[in-house]
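Under the working numbering, the first residue of the sequence shown is numbered 17, with each subsequent residue one higher.
Right, one structure below, let's go through it.
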Amino acid sequence: MSSFDSPLIALSATTRETDGVQRVRLNAAYVHAVESAGLTPIIVPPFTNPQLAARILDSVAGLVLTGGEDVDPSLYDATPHPELGPVNCSRDLTELALLAAARERKLPTLAICRGIQVVNVGLGGTLVQHLPSDHDGAGEHELDDERDSRVHSVRVDPASHLANIVGTQLLGVNSIHHQAVDRLGDAMRVSARAEDGVIEGVESSDPDWWMVGVQWHPEELITTLEPWDRRLFAAFAEACRARVSSASTSLRA
Numbered sequence: 017m018s019s020f021d022s023p024l025i026a027l028s029a030t031t032r033e034t035d036g037v038q039r040v041r042l043n044a045a046y047v048h049a050v051e052s053a054g055l056t057p058i059i060v061p062p063f064t065n066p067q068l069a070a071r072i073l074d075s076v077a078g079l080v081l082t083g084g085e086d087v088d089p090s091l092y093d094a095t096p097h098p099e100l101g102p103v104n105c106s107r108d109l110t111e112l113a114l115l116a117a118a119r120e121r122k123l124p125t126l127a128i129c130r131g132i133q134v135v136n137v138g139l140g141g142t143l144v145q146h147l148p149s150d151h152d153g154a155g156e157h158e159l160d161d162e163r164d165s166r167v168h169s170v171r172v173d174p175a176s177h178l179a180n181i182v183g184t185q186l187l188g189v190n191s192i193h194h195q196a197v198d199r200l201g202d203a204m205r206v207s208a209r210a211e212d213g214v215i216e217g218v219e220s221s222d223p224d225w226w227m228v229g230v231q232w233h234p235e236e237l238i239t240t241l242e243p244w245d246r247r248l249f250a251a252f253a254e255a256c257r258a259r260v261s262s263a264s265t266s267l268r269a
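Structure (structure tokens):
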């Protein structure tokens with residue numbers, strides 16, 4: 017299989033102590049989702065020197081920013097909320113470096129759950145640190161034990177790139193988060209919201225940068241009857257293949 021058929025994709029990961037040892041960790045659902053879309057995943061752990069992250073992006077056709085810990089509020093000049101969950105500063109800095117390098121290179125970027133929050137912070141936005149403190153009925157957003165269930169609906173802006181991808185303006189999603197995008201970052205637009213107004217989708221306003229962020233976990237829903245989440249990964253894969261094709265054409269010119 018050629019690199020055009022199965023481009024290399026960087027998947028961000030975290031670290032966690034298990035049995036007294038720090039270990040790199042990533043839910044296998046992300047790997048299965050990108051493989052199902054015809055992509056070849058490379059796992060990128062947090063680096064001691066986050067600037068090394070940019071070197072990875074010179075070798076891949078796309079970036080997936082994955083879910084996980086809360087983003088450190090100091091990165092958007094906020095005081096930690098009492099309900100702030102665990103943070104991982106080395107992961108924050110690594111993913112922000114990955115994001116900056118991806119934006120500079122116009123590298124296709126799919127941001128999932130924590131990933132959408134990293135993108136927003138990286139582009140100058142802020143986060144709601146604990147939804148139940150800010151939104152009535154926000155408890156339906158943090159349902160960890162229903163990872164593969166569509167627990168609430170999301171309305172997609174019909175004029176958005178996301179609507180073109182998923183093929184609908186109303187879809188059901190799973191929900192495993194207590195934080196969300198608040199003030200929107202630069203060069204972005206909101207593409208989807210939950211019925212309670214929580215931002216569930218963002219995308220780049222730069223037509224030359226394929227960047228789509230979703231607050232739910234599409235990697236957990238690719239085997240369901242509904243095609244929406246498979247379409248999201250398929251669109252990302254298409255953008256990555258176009259990237260490889262364009263680079264190949266440039267080398268031959």
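Every residue gets a Cβ at the ideal spot worked out from N, C-alpha and C, and that includes glycine.
Might you give, ordered along the chain, the residues of its own chain that have their beta carbon closer than 6 Å to the beta carbon of residue 54, omitting 5 neighbours on each side?
-> Within the sequence shown, residue 54 is the residue found at index 38, counting from 1. Hits under 6 Å: 22, 253.
Residue 187 to residue 71, Cα distance in whole Å?
-> One-based indexing of the sequence shown puts residue 187 at position 171. One-based indexing of the sequence shown puts residue 71 at position 55. Taking the straight line from one Cα to the other gives about 37 Å.
Candidates 123, 66, 182: closest to residue 25 by CA position = Translated into positions along the sequence shown, residue 25 becomes position 9. It is 123 whose Cα lies nearest to the Cα of residue 25.
Taking all protein chains shown into account, do 16 or more other C-beta atoms lie within 10 angstroms of the C-beta of residue 58, making it buried, or fewer, making it exposed?
-> Translated into positions along the sequence shown, residue 58 becomes position 42. Burial check for residue 58: the Cβ neighbour count within 10 Å stays below 16, so the residue is exposed.
Grouping DSSP H, G and I as helix and E and B as strand, with all else coil, what is residue 115?
-> Taking the sequence shown and counting its residues from 1, one reaches residue 115 at position 99. If DSSP states are grouped into helix, strand and coil, residue 115 belongs with the helices.
Counting only runs of 3+ residues fully inside the stretch 216-254, write out the beta strand (DSSP E) ranges in chain order.
-> 227-230
Inter-residue spacing [alpha-carbon to alpha-carbon] between residue 129 and residue 219 = By 1-based counting over the sequence shown, the position of residue 129 is 113. By 1-based counting over the sequence shown, the position of residue 219 is 203. Straight-line Cα distance between these residues: approximately 13 Å.
Which of helix, strand or coil does DSSP assign to residue 68?
-> Here residue 68 refers to the residue found at position 52 of the sequence shown. Of the three classes helix, strand and coil, the one that applies to residue 68 here is helix, per DSSP.
Beta strand (DSSP E) containing residue 192: first to last residue?
-> Counting from 1 along the sequence shown, the entry for residue 192 is found at position 176. Where residue 192 is concerned, there is no enclosing beta strand (DSSP E), given that its DSSP letter is neither H nor E.
Compute the distance between the beta-carbons of residue 140 and residue 212, then report whether it is under 9 Å.
-> In the sequence shown, the residue the question calls residue 140 occupies position 124. In the sequence shown, the residue the question calls residue 212 occupies position 196. Against a cut-off of 9 Å, the Cβ pair of residue 212 and residue 140 comes out as no contact.
For residue 18, name the three-state secondary structure that DSSP assigns.
-> The residue you call residue 18 lines up with position 2 of the sequence shown. In this prediction, residue 18 scores a pLDDT of 49, lower than 50, which makes its location untrustworthy; no coordinate-derived value is stated.
Mind the definition here: the stretch 241-260 touches the stretch 174-182 only if three or more C-beta pairs lie below 8 Å; say whether that holds.
-> Using a Cβ-Cβ distance cut-off of 8 Å, the stretch 241-260 and the stretch 174-182 are in contact, since at least three pairs of beta carbons, one from each stretch, lie closer than that value.
For residue 142, name the three-state secondary structure that DSSP assigns.
-> Within the sequence shown, the letter at position 126 stands for residue 142. Residue 142: coil per DSSP, three-state reduction.
Cβ-Cβ distance between residue 229 and residue 113 below 9 Å | As a position in the sequence shown, residue 229 is number 213, starting the count at 1. As a position in the sequence shown, residue 113 is number 97, starting the count at 1. It is not a contact, given that the beta carbons lie outside the stated cut-off.
Residue 257, buried or exposed, once every other Cβ within 10 Å from all chains shown has been counted against 16 | Reading the sequence shown from its first residue, position 241 is the one you call residue 257. When all chains shown are included, residue 257 counts as buried.
Note down, in chain order, each residue of its chain lying with its Cβ closer than 7 Å to the Cβ of residue 111, except the 5 sequence neighbours on either side.
-> Taking the first residue of the sequence shown as 1, we reach residue 111 at position 95. Excluding sequence neighbours, residue 111 sits near 28, 81, 134.
Looking only at DSSP bridge pairs, what is residue 91 linked to?
-> The sequence position of residue 91 within the sequence shown is 75, counting from 1. In DSSP, residue 91 forms no bridge with anything.
With residue 148 as the anchor, note down where its alpha helix (DSSP H) starts and where it stops.
-> Position 132 of the sequence shown holds residue 148. Where residue 148 is concerned, the enclosing alpha helix (DSSP H) stretches over 147-150.
Ordered along the chain, which non-local residues of its own chain (more than five positions away) have a Cβ less than 6 Å from that of residue 97?
-> Locating residue 97 in the sequence shown gives position 81, where the first residue counts as 1. 145, 146.
Return the bridge partner residues of residue 26 from the DSSP annotation.
-> Taking the sequence shown and counting its residues from 1, one reaches residue 26 at position 10. Bridge partners of residue 26: 58, 79.
Tell me the DSSP bridge mates of residue 168?
-> By 1-based counting over the sequence shown, the position of residue 168 is 152. For residue 168, which the question treats as bridged, DSSP gives the partners 189.
Just how far apart, CA to CA, sit residue 44 and residue 50?
-> Against the sequence shown, residue 44 aligns to sequence position 28. Against the sequence shown, residue 50 aligns to sequence position 34. About 10 Å.
Mind checking which residues open and close the beta strand (DSSP E) that includes residue 176?
-> As a position in the sequence shown, residue 176 is number 160, starting the count at 1. Looking at the DSSP string, residue 176 is not in any beta strand (DSSP E), and its letter there is neither H nor E.
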